[in-house]
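Its first residue numbered 192, the sequence shown is counted upward by one per residue in my numbering.
Ideal placement from N, C-alpha and C gives every residue a C-beta, glycine not left out.
Please read all numbers here as calculations on a predicted model, not as lab measurements.
Down below is the structure, laid out as structure tokens.
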Amino acid sequence: MDEIFGLVRMKRHYDEGQYDVLIIDSAPTGTALRLLSLPEVGGWYMRRFYKPFQKMSVALRPLVEPLFRPIAGFSLPDKEVMDAPYEFYEQIEALEKVLTDNTQTSVRLVMNPEKMVIKESLRAHAYLSLYNVSTDMVVANRIIPDHVTDPFFMGWKENQSIYRKEIQENFHPLPIKEIPLFQEELCGLVALERLKDLLYSDEDPAQVYYHENTLRVVQHQNEYSLELYLPGIPKDQVELSKSADELNIRIGNHRRNLVLPQALAAMQPSGAKMEDDYLKIRFSGATTP
192 MDEIFGLVRM KRHYDEGQYD VLIIDSAPTG TALRLLSLPE VGGWYMRRFY
242 KPFQKMSVAL RPLVEPLFRP IAGFSLPDKE VMDAPYEFYE QIEALEKVLT
292 DNTQTSVRLV MNPEKMVIKE SLRAHAYLSL YNVSTDMVVA NRIIPDHVTD
342 PFFMGWKENQ SIYRKEIQEN FHPLPIKEIP LFQEELCGLV ALERLKDLLY
392 SDEDPAQVYY HENTLRVVQH QNEYSLELYL PGIPKDQVEL SKSADELNIR
442 IGNHRRNLVL PQALAAMQPS GAKMEDDYLK IRFSGATTP
């Protein structure tokens, strides 16, 4: 609940418009992805369970209330009370539209040039795309400077050289910036100003550096293709299923229930392939039973 209310607080700051930029120092990958999945998961429960239950409760309240109140000692919730959770969900849903708008919102992945850290960042990049959140920059942190010649650091420098190339290859075409390992901890405005000069120089750090297209629908004559950007994810790790107007996409422990556009909702998936880091799901004209 603390995480959910944190999301609503972010939306409140956005609506008030008192700040030029909102910067979120994200939680570790797993927690951050759970936060991003909340609107999707909440929407599924609201559509499937809460709204039907709400209608049933409002309809039955006049009939059940005379019997229920004398026994239980309190009333059944009225329509205003039943509406409150849905209004709360609507705030989270509105925030999702802000987070998935790649013209104003983006993620910047910060990583050390180390094997496991790079792998975790690659997975994070793919999972962010699954939730339609775009990444516009990668920052390689704690790079040992060239002027450091102490033999103790030579092995580290050689390893970092290999992993720096991996970062360039794996995250292309995203812009990649590098930050050296400083001699002191970066605390205070003077240190942050120094970091800002190294990272951005005279650039506007609030700009979106790369507009990543994580989700698109392409028409091929009488067929449609839903294309989802999932960099580095093999096809055999992706599970797909369709129910009514929803496409369920599961990668490991992460799942997205994607409400399909109207053009695709009445069609059936006819095949899928992984090409150029996009999962391309074909939909034929056959209607859903």
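Assigned with DSSP and collapsed to three states, H402 falls in coil, not helix or strand.
Relative to E305, the option among Y401, L470, I335 whose CA is nearest is I335. Between Y415 and N404 the beta-carbon gap is near 16 Å, outside 8 Å, which marks them as no contact.
Residue pairing by DSSP puts Y415 in a beta bridge opposite Q410, F474. Exclusion of the five residues before and after G476 leaves N413, M458 as the residues of its chain whose Cβ lies within less than 7 Å of its Cβ.
Within a 10 Å sphere around the beta-carbon of N323 sit 16 or more other beta-carbons, which makes this residue buried. About 24 Å separates the beta carbon of I367 from that of Q374, a gap too long to meet the 8 Å contact definition.
At least 9 Å separates the beta-carbon of L451 from that of L470.
In the three-state reduction of the DSSP assignment, N448 falls in the strand class.
N293 is classed as buried because its beta carbon has at least 16 other beta carbons within 10 Å across all chains shown. Sequence-distant Cβ neighbours of Q282 in its own chain, meaning closer than 6 Å and more than five residues away, are V199, K202. The stretch 301–319 and the stretch 330–346 touch, with three or more beta-carbon pairs separated by less than 8 Å. For E384, the enclosing alpha helix (DSSP H) starts and ends at 380–391. Residue environment analysis places R447 among the buried positions, since at least 16 neighbouring C-beta atoms fall within 10 angstroms of its C-beta. Note that the C-beta distance between M465 and K433 is not below 9 Å.
Closest in C-alpha terms to S461, from the list H445, D468, G443, L417, comes L417.
For L321, the enclosing alpha helix (DSSP H) begins and ends at 306–321.
Put simply, the backbone Cα of I214 is about 19 Å away from that of R385.
The three-state reading of DSSP puts I424 in coil, since its state is none of H, G, I, E or B. The Cβ-Cβ distance between A454 and V408 falls below 9 Å.
Between A317 and I472, the C-beta gap is not smaller than 9 Å, which leaves the two residues out of contact. Judged by beta-carbon spacing, L389 lies within the 9 Å limit of P371, meaning their Cβ atoms are closer than that value.
Our two residues, H402 and S320, have alpha carbons roughly 12 Å apart in a direct line. DSSP, read as helix, strand or coil, puts S297 in coil. By the Cβ-count criterion, Q351 is buried, with 16 or more other Cβ atoms from all chains shown falling within 10 Å of its own Cβ. Residue pairing for N439: DSSP places it in a beta bridge opposite S432, N448. Short of 8 Å from the beta carbon of F344, and not among the five residues preceding or following it, lie these beta carbons of its own chain, in chain order: I335. Across the structure, Q428 and K288 are spaced so that their CA atoms are roughly 27 Å apart. Sequence-distant Cβ neighbours of W347 in its own chain, meaning closer than 7 Å and more than five residues away, are I335.
In the DSSP assignment, N332 falls within the beta strand (DSSP E) that extends over 326–334.
Nearest neighbour of A397 by Cα position, chosen from D206, Y210, I440, H204, turns out to be Y210.
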